[in-house]
Amino acid sequence: MQPTRRTMLKGLGAIGCSLAAHPLTTTMTFAAAPGENRLVVLILRGAMDGIGTLQPVADPAYARLRPELSRASPGADLTQGFALHPRLDPLRPLWAAGELAFVPAVSTPYRDQRSHFDGQDMLEAGTGRDVPVGAVRGGWLNRMLGVVPGVTAETAFAIGRDTPLILTGDQPISSWSPATRLDLSPQARLLLERLYEADPLFHAAAFEALELAESLGRSEEVDSFGEMMRMTRDAQAEERAAEGARALASFAAARLREETRIASFSLTGWDTHRGQRSALDQALRRLSDSILTLRDELGPLWGKTAVLAVTEFGRTAAENGTGGTDHGTGGLMLLVGGAVRGGRLFGGWPGLDESALYDRRDLMPLDDVRRYAAWVLRGLYGIEAGTLGSVVFPGLDLGDDPGVLV
Amino acid sequence: MPADPLTLAIRFGYGLSPLHPPPADADALMAALNGPDRIARQYRQPPSPLALSRVAVQLQAKRAMNRDETEANRRALRAANRQLAEDYDDARRALMARAALSPDPFRERLAAFWTDHFTVHLPGGRWRSVVPAYVESAIRPFVAGRFAGMLRAVVTHPAMLVYLDQFQSVGPQSRTGRQSGRGLNENLARELMELHTLGVDGGYTQDDVRELAELLTGLSISDEGFAFKPQLAEPGPEVVLGRRYGGAEPARLDEVLAAVDDLARHPATAAHLARKLAVHFVSDTPDPDLVAALAARWRETDGDLAAVAERLVTHPASAAPLGAKAKRPQEFLLSALRALGPVPRALTGMGRRTLDGVFSTPLRAMGQAWPEAPGPDGWPEEAGSWITPQGLAARITWAMAAPRVVRPDLPDPRDFVETALGPLAGRETRFAARAAETGWEGVGLVLASPEFNRR
Numbered sequence: 001m002q003p004t005r006r007t008m009l010k011g012l013g014a015i016g017c018s019l020a021a022h023p024l025t026t027t028m029t030f031a032a033a034p035g036e037n038r039l040v041v042l043i044l045r046g047a048m049d050g051i052g053t054l055q056p057v058a059d060p061a062y063a064r065l066r067p068e069l070s071r072a073s074p075g076a077d078l079t080q081g082f083a084l085h086p087r088l089d090p091l092r093p094l095w096a097a098g099e100l101a102f103v104p105a106v107s108t109p110y111r112d113q114r115s116h117f118d119g120q121d122m123l124e125a126g127t128g129r130d131v132p133v134g135a136v137r138g139g140w141l142n143r144m145l146g147v148v149p150g151v152t153a154e155t156a157f158a159i160g161r162d163t164p165l166i167l168t169g170d171q172p173i174s175s176w177s178p179a180t181r182l183d184l185s186p187q188a189r190l191l192l193e194r195l196y197e198a199d200p201l202f203h204a205a206a207f208e209a210l211e212l213a214e215s216l217g218r219s220e221e222v223d224s225f226g227e228m229m230r231m232t233r234d235a236q237a238e239e240r241a242a243e244g245a246r247a248l249a250s251f252a253a254a255r256l257r258e259e260t261r262i263a264s265f266s267l268t269g270w271d272t273h274r275g276q277r278s279a280l281d282q283a284l285r286r287l288s289d290s291i292l293t294l295r296d297e298l299g300p301l302w303g304k305t306a307v308l309a310v311t312e313f314g315r316t317a318a319e320n321g322t323g324g325t326d327h328g329t330g331g332l333m334l335l336v337g338g339a340v341r342g343g344r345l346f347g348g349w350p351g352l353d354e355s356a357l358y359d360r361r362d363l364m365p366l367d368d369v370r371r372y373a374a375w376v377l378r379g380l381y382g383i384e385a386g387t388l389g390s391v392v393f394p395g396l397d398l399g400d401d402p403g404v405l406v
Numbered sequence: 001m002p003a004d005p006l007t008l009a010i011r012f013g014y015g016l017s018p019l020h021p022p023p024a025d026a027d028a029l030m031a032a033l034n035g036p037d038r039i040a041r042q043y044r045q046p047p048s049p050l051a052l053s054r055v056a057v058q059l060q061a062k063r064a065m066n067r068d069e070t071e072a073n074r075r076a077l078r079a080a081n082r083q084l085a086e087d088y089d090d091a092r093r094a095l096m097a098r099a100a101l102s103p104d105p106f107r108e109r110l111a112a113f114w115t116d117h118f119t120v121h122l123p124g125g126r127w128r129s130v131v132p133a134y135v136e137s138a139i140r141p142f143v144a145g146r147f148a149g150m151l152r153a154v155v156t157h158p159a160m161l162v163y164l165d166q167f168q169s170v171g172p173q174s175r176t177g178r179q180s181g182r183g184l185n186e187n188l189a190r191e192l193m194e195l196h197t198l199g200v201d202g203g204y205t206q207d208d209v210r211e212l213a214e215l216l217t218g219l220s221i222s223d224e225g226f227a228f229k230p231q232l233a234e235p236g237p238e239v240v241l242g243r244r245y246g247g248a249e250p251a252r253l254d255e256v257l258a259a260v261d262d263l264a265r266h267p268a269t270a271a272h273l274a275r276k277l278a279v280h281f282v283s284d285t286p287d288p289d290l291v292a293a294l295a296a297r298w299r300e301t302d303g304d305l306a307a308v309a310e311r312l313v314t315h316p317a318s319a320a321p322l323g324a325k326a327k328r329p330q331e332f333l334l335s336a337l338r339a340l341g342p343v344p345r346a347l348t349g350m351g352r353r354t355l356d357g358v359f360s361t362p363l364r365a366m367g368q369a370w371p372e373a374p375g376p377d378g379w380p381e382e383a384g385s386w387i388t389p390q391g392l393a394a395r396i397t398w399a400m401a402a403p404r405v406v407r408p409d410l411p412d413p414r415d416f417v418e419t420a421l422g423p424l425a426g427r428e429t430r431f432a433a434r435a436a437e438t439g440w441e442g443v444g445l446v447l448a449s450p451e452f453n454r455r
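Protein chains in written order, with the working numbering: chain A, 1 to 406; chain B, 1 to 455.
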């Protein structure tokens with residue numbers, strides 16, 4: 001018997017409530033997603049050097065704290081005494097068009113321990129210091145899905161090998177890596193479904209894998225082991241390319257053109273303890289590539305899109321002894337997209353004078369990164385401020401609207 | 001009730017094998033671990049000094065080539081590169097052969113656990129064979145020895161010193177620091193406390209990180225390997241967690257190692273690692289009594305890892321039913337090889353393309369490339385991190401394609417379901433083994449089953 005969507009559904013029905021919110025059943029039940037606005041959250045893992053990216057060239061302490069780095073990659077002026085790292089020059093047209101904004105001194109509530117892992121957990125959990133790291137399960141983007149009506153598993157998509165914490169939680173989401181393929185004979189597929197029926201974790205993953213592999217048009221029938229072996233081997237080169245920033249962004253754009261409204265993926269390579277010049281170059285190039293790919297491939301939908309690029313914390317104000325920077329506190333946030341009121345900075349600048357630094361070493365954060373994320377969610381999806389401050393970001397004071405959206 | 005042989009084989013080993021019976025009981029498991037490491041001599045990897053000397057040779061050849069593109073230099077560089085690639089292939093073969101063929105797979109699992117705990121990731125072909133050599137020299141000899149010994153070996157190994165930037169850290173007031181204006185890098189100091197010993201809640205402050213970073217200056221590398229360079233060392237003393245270290249002039253390595261030893265001995269380290277061991281081997285939400293028992297044994301024995309392992313395998317919580325955890329991709333792949341029972345030559349004679357096709361590429365696709373972890377905190381534990389659509393798709397694809405490569409005489413799936421899973425095989429898995437259209441699909445379905453992918 002050929003397995004079809006229908007037979008798969010029948011198999012699912014037998015399992016009952018544990019799969020009530022499963023991708024296929026839910027997409028078939030609901031047609032509408034939460035409006036037409038798109039949100040992309042880029043997680044810059046490893047702590048981006050905000051000071052080296054949006055360079056405070058007019059701050060007298062800048063060149064003094066960073067004698068080597070400030071000369072390594074000098075940017076051209078952008079605005080109000082800040083220069084832009086030359087690797088982000090491809091984004092200047094977006095700035096000119098009012099589609100790119102920066103928050104130069106922002107952070108999560110995370111302080112003092114400067115651990116990447118706890119810092120990222122807090123960034124993605126969306127919690128404050130009143131909650132121990134790890135105590136709230138799941139991420140803020142997932143909790144946000146719980147308060148928007150009409151959400152399906154297609155609404156939010158985690159792209160890449162790992163599902164980031166920010167999208168995990170009780171609400172169903174989709175995840176896939178553009179490099180993955182799965183081709184099976186019809187009989188093997190059928191037997192696999194039976195094999196996984198009693199194990200919800202495996203069942204959900206396998207079911208989604210089969211669906212996605214099919215929907216991405218990779219389902220050439222494979223009937224020999226040799227063929228499969230060849231594919232396993234050839235996957236390597238393809239894999240490398242497909243895991244690149246452009247491929248992730250391109251895959252995100254493809255999903256966002258369909259049912260998906262929220263996508264998230266990670267860009268790594270920001271932990272520039274040494275040799276920052278070339279490491280930051282490469283990381284910024286990936287960031288710029290991702291953003292431009294999203295803009296190009298979203299076409300007219302770009303006008304309804306906001307991209308947030310966030311990192312776990314900033315880096316030390318001063319360069320260290322090895323041509324790099326160490327873990328810091330305040331950092332940089334980027335807001336990009338046609339839905340963003342760009343061409344400006346938000347949230348002020350504390351200065352790099354020693355007395356203005358946090359702990360006499362790090363950029364002082366002037367604002368909470370969650371506040372910007374919350375106001376973006378409020379603007380794009382109309383979520384009540386009270387809900388944002390209790391469910392999505394427990395304990396967050398939203399304060400006044402910074403006005404980051406058009 | 002003590003754990004039965006099946007549970008011991010799966011929870012503390014790489015599962016069942018047609019070549020070796022499961023351990024009779026915890027005593028048998030420990031007797032093998034406390035015996036000599038025979039399998040490492042049987043399936044060899046280049047040890048650190050050799051691997052490092054080959055990196056040095058390659059670096060020199062590269063420099064010579066950059067200076068002067070002669071035919072002789074080109075040939076020398078090509079030979080050096082070939083040697084590094086061969087070492088890496090040997091490391092991949094040895095890893096597979098040891099897990100699949102050892103009568104003492106607990107040692108392999110412990111080596112994998114500690115390798116993950118002390119993750120290093122050195123990108124680029126040049127360094128690739130150094131990571132397995134680091135494991136061979138700094139991790140493996142200590143898995144049934146003392147934690148303090150392992151910690152000393154790790155923080156003085158070039159792989160770790162390069163990975164966490166320590167070799168470039170210079171005391172600002174050291175001789176080199178004053179001359180060159182170079183300074184501190186606190187990466188290793190932080191991870192040493194946060195990840196390797198005390199844990200993030202272990203009660204240290206930013207000042208402790210800074211002081212330890214100053215104390216660690218001097219740990220460095222030369223073309224020959226590890227080197228302690230007093231000219232890089234910040235003049236002491238430094239105060240770490242309330243205790244003073246250093247201050248000798250010129251600075252001495254034993255002053256640094258005294259602080260490393262104290263971190264190994266700290267009660268927070270015992271608590272941190274007791275929990276980590278329990279999470280890895282037994283459950284993501286481990287029995288608090290198990291964690292407490294491991295921490296107590298750790299403190300009583302001052303971090304004797306064989307004694308801690310003994311407590312782990314004999315504790316009643318370790319007899320709990322299997323299946324609470326998902327095998328991580330490397331565990332999945334290695335336990336599948338073990339279940340297939342290949343002849344040694346099928347693994348030790350594997351060519352490079354096959355190594356890529358059967359081992360490296362699929363592991364990357366499953367989400368756990370070897371040997372590198374994404375960050376110094378190693379790989380995640382929770383099943384949900386691994387049993388994702390893309391991760392599971394890669395496991396299924398491997399299960400269908402790879403077994404034939406290591407067992408051209410593929411077993412009958414109806415037998416294989418017994419060899420691989422025994423009494424754990426569920427009704428649907430037995431049915432799939434019977435109903436598959438081809439033998440390779442039947443074997444693939446057994447390996448793709450939830451029973452096989454959990455532990």
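Heads up, the beta-carbon is just placed ideally off N, CA and C, and yes, glycines get one too.
Residues sharing a beta bridge with residue i, DSSP
i	result
Thr311 (chain A)	A:Leu44
Trp176 (chain A)	A:Ile159
Arg454 (chain B)	B:Ala326
Tyr14 (chain B)	Bridge partners of Tyr14 (chain B): none, in fact.
Ala153 (chain B)	Beta-bridge pairing links Ala153 (chain B) to no other residue.
Contact check, residue i vs residue j, beta carbons under 8 Å
i	j	result
Gly367 (chain B)	Pro329 (chain B)	yes
Ala407 (chain A)	Leu294 (chain A)	The displayed coordinates of chain A run from 1 to 406. Any statement about residue 407 (chain A) would go beyond what the structure contains.
Leu122 (chain B)	Tyr163 (chain B)	yes
Leu332 (chain A)	Gly50 (chain A)	yes
Val106 (chain A)	Pro365 (chain A)	yes
Leu355 (chain B)	Pro403 (chain B)	no
Arg430 (chain B)	Val443 (chain B)	no
Leu8 (chain B)	Pro18 (chain B)	no
Ala245 (chain A)	Ser290 (chain A)	yes
Glu36 (chain A)	Glu154 (chain A)	no
Alpha-carbon to alpha-carbon, residue j and residue i
i	j	result
His280 (chain B)	Glu451 (chain B)	18 Å
Arg182 (chain B)	Gly75 (chain A)	24 Å
Gln276 (chain A)	Gly323 (chain A)	6 Å
Val406 (chain A)	Leu91 (chain A)	19 Å
Ala156 (chain A)	Thr197 (chain B)	38 Å
Val120 (chain B)	Leu253 (chain B)	22 Å
Pro132 (chain B)	Asp208 (chain B)	31 Å
Ile15 (chain A)	Leu190 (chain A)	Its pLDDT being 31, under 50, Ile15 (chain A) is placed unreliably in this model, and the value from its coordinates should be taken loosely. Cα to Cα, the separation comes out at about 16 Å.
Ala33 (chain A)	Leu363 (chain A)	Low confidence applies to Ala33 (chain A): its pLDDT is 46, below 50, so where it sits in the model is not reliable, and the reading given next is rough at best. When rounded, the distance between both Cα atoms is 40 Å.
Leu24 (chain A)	Glu214 (chain A)	Confidence is the limiting factor: at Leu24 (chain A) the pLDDT is only 31, short of 50, which leaves the residue's position unreliable, though a coordinate-based value still follows. Approximately 13 Å, taken between the alpha carbons.
Anticipated Cβ contact below 8 Å, residue i with residue j, distance rounded
i	j	result
Leu334 (chain B)	Ala100 (chain B)	7 Å
Leu407 (chain A)	Ala356 (chain A)	What the structure shows of chain A is the stretch from 1 to 406, and residue 407 (chain A) is not part of that stretch, so it cannot be assessed.
Ala97 (chain B)	Leu347 (chain B)	4 Å
Leu301 (chain A)	Arg38 (chain A)	6 Å
Leu215 (chain B)	Gly202 (chain B)	Leu215 (chain B) to Gly202 (chain B), Cβ: 17 Å. No contact.
Asp104 (chain B)	Gln45 (chain B)	Wrong, their Cβ atoms sit about 17 Å apart, outside the cutoff.
CB contact below 8 Å: residue i versus chain E
i	result
Glu208 (chain A)	In summary, chain E is missing from the structure at hand, where the protein chains are A and B.
Open item on the list: When you compare the stretch 305 to 316 of chain B with the stretch 29 to 39 of chain B, are there three or more beta-carbon pairs, one atom per stretch, that lie closer than 8 Å?
Closed with: yes
- [ ] Report yes or no: do the stretch 269 to 285 of chain B and the stretch 236 to 243 of chain B share at least 3 C-beta pairs separated by less than 8 Å?
- [x] no
TODO: Answer yes if the stretch 372 to 385 of chain B comes into contact with the stretch 185 to 198 of chain A, meaning at least three C-beta pairs across the two stretches below 8 Å, and no otherwise.
DONE: no
Open item on the list: Any contact between the stretch 73 to 92 of chain B and the stretch 41 to 61 of chain B? By contact I mean 3 or more CB pairs, one from each, below 8 Å.
Closed with: yes
- [ ] Indicate whether the contact test is met: 3 or more Cβ pairs, each with one atom in the stretch 288 to 301 of chain B and one in the stretch 313 to 324 of chain B, closer than 8 Å.
- [x] yes
TODO: Say whether the stretch 179 to 187 of chain A touches the stretch 140 to 156 of chain A, bearing in mind that this needs 3 or more beta-carbon pairs closer than 8 Å, one atom from each stretch.
DONE: no
Task: the stretch 169 to 184 of chain B contacting the stretch 133 to 143 of chain B, beta-carbon criterion three pairs below 8 Å - done: no
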